[in-house]
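Colleague: This is the structure, below, for whatever I ask next.
2 protein chains.
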Amino acid sequence: MSYISNIEDIKKCPTEFALALRDTLNVLSGKWKLNVIGVLFFGKKRFTEIEKGLEEITPRMLSKELKELELNGVVNRIVTASRPVVIEYELTESGYELKKVLDEMIGWGILHREKIFKK
Amino acid sequence: MSYISNIEDIKKCPTEFALALRDTLNVLSGKWKLNVIGVLFFGKKRFTEIEKGLEEITPRMLSKELKELELNGVVNRIVTASRPVVIEYELTESGYELKKVLDEMIGWGILHREKIFKK
DNA sequence: AATAGCACTATACTTTTGTATAGTGGAAAA
DNA sequence: TTTTCCACTATACAAAAGTATAGTGCTATT
Chain A
1485 MSYISNIEDI KKCPTEFALA LRDTLNVLSG KWKLNVIGVL FFGKKRFTEI EKGLEEITPR
1545 MLSKELKELE LNGVVNRIVT ASRPVVIEYE LTESGYELKK VLDEMIGWGI LHREKIFKK
Chain B
1485 MSYISNIEDI KKCPTEFALA LRDTLNVLSG KWKLNVIGVL FFGKKRFTEI EKGLEEITPR
1545 MLSKELKELE LNGVVNRIVT ASRPVVIEYE LTESGYELKK VLDEMIGWGI LHREKIFKK
């Protein structure tokens, strides 16, 4: 199935597609979101684990990104009521489904690089 | 073909994939790039035509975006040496190939919206 | 009792991104 | 010849995104 199979399709339903596209881009845009999502592809992680996985990120940024990703329905925050409380972050179903999008992006990126070097 | 078929694949070649992913994201990020590319999907256009197609963009921004897209190999700037000179912008092959990426993004966006509304 | 780890928050700052407004230089149309 | 169109550029500014550094409240360990 393809959403933009020809130019007529773009003309027919531009707003819904444009909104969906913008949503997806917003979920991925910024310096850290892709990295945070990347780390969480390996499974659920605690705050400091993600922090260590990304080395240069500040806790302020990580906190901000996780909140946004949660708000966008890409990440779940799981609180385990033990002593002390354990907080973990994991990708939602939607989060895991981003794999297809990222895959297509990687594909384009690799092909595009090849083309540029050939010239 | 899939780049991230399992977690092992991510572990094997993270840097090349990460770079390709970042390249693709950079080509699409920002307020106007997606719109400019969208307009050019309909065929080659002159500066003022794109400007009119996007209504709210300022010439400064359009000029900047077109330069970046050209630099990134997504758009060609074609100069026709008539009197007066006619300048047109068109998508490169790579530019048109973004369709697959955008399509996947639209797909995710639509599915994700549905999921959020169901809850 | 002092120290360390967890999961953050607060404040101030710098950098990047985008906006507003005006202007340029050439050609062509009125 | 004045005005208009085209394809931009220049300058100044505002807003958003990201960084640096320190600190909080809790629990657990030594």
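Protein sequences, first through last, are from chains A and B. Start counting the first sequence at 1485; every next residue gets the next number (my numbering). Start counting the second sequence at 1485; every next residue gets the next number (my numbering). Where is the CB? At the ideal position from N, CA and C, for every residue including glycine.
Which chain B residues sit within Cβ distance under 7 Å of M1545/A?
Modeller: By Cβ distance, chain B contributes nothing, its closest Cβ being about 17 Å from M1545/A, past 7 Å.
Colleague: Going along chain A, which residues have a C-beta under 8 Å from W1592/B?
Modeller: By Cβ distance, chain A contributes A1504, T1508, S1578, E1581, L1582, K1584, V1585.
Colleague: Do the region 1500-1508 of chain A and the region 1537-1546 of chain A touch if we need at least three Cβ pairs shorter than 8 Å?
Modeller: No, the region 1500-1508 of chain A is not in contact with the region 1537-1546 of chain A.
Colleague: Are the C-beta of F1601/B and some C-beta of chain A separated by less than 8 Å?
Modeller: Cβ-Cβ to chain A under 8 Å: no for F1601/B.
Colleague: May I ask you to list, following chain order, the residues of the region 1545-1566 of chain B that have a beta carbon less than 9 Å from some beta carbon of chain A?
Modeller: Answer in chain order: N1556, G1557, V1558.
Colleague: Taking the C-alpha atoms as reference points, what is the distance between A1502/B and G1527/B?
Modeller: Those two C-alpha atoms are separated by around 31 Å.
Colleague: Could you check what DSSP says for K1528/A in three-state terms: helix, strand or coil?
Modeller: DSSP places K1528/A in coil when its eight states are reduced to three.
Colleague: Could you tell me which chain A residues have their CB closer than 7 Å to the CB of L1512/B, listed as they occur along the chain?
Modeller: In chain order: L1509.
Colleague: Roughly how far, in whole angstroms, is the beta-carbon of V1520/A from the beta-carbon of L1550/A, given that I think they are within contact range, below 8 Å?
Modeller: Correct: roughly 7 Å between the Cβ atoms.
Colleague: Name, going along the chain, the residues of the region 1512-1537 of chain A whose beta-carbon falls closer than 7 Å to a beta-carbon of chain B.
Modeller: Listed by position along the chain: L1512, S1513, L1518, F1525, F1526.
Colleague: Starting from L1503/A, follow its DSSP beta bridges and name the residues at the other end.
Modeller: For L1503/A, which the question treats as bridged, DSSP gives no partner whatsoever.
Colleague: Can you tell me which of the three DSSP states N1510/B falls into?
Modeller: Three-state DSSP puts N1510/B in a helix.
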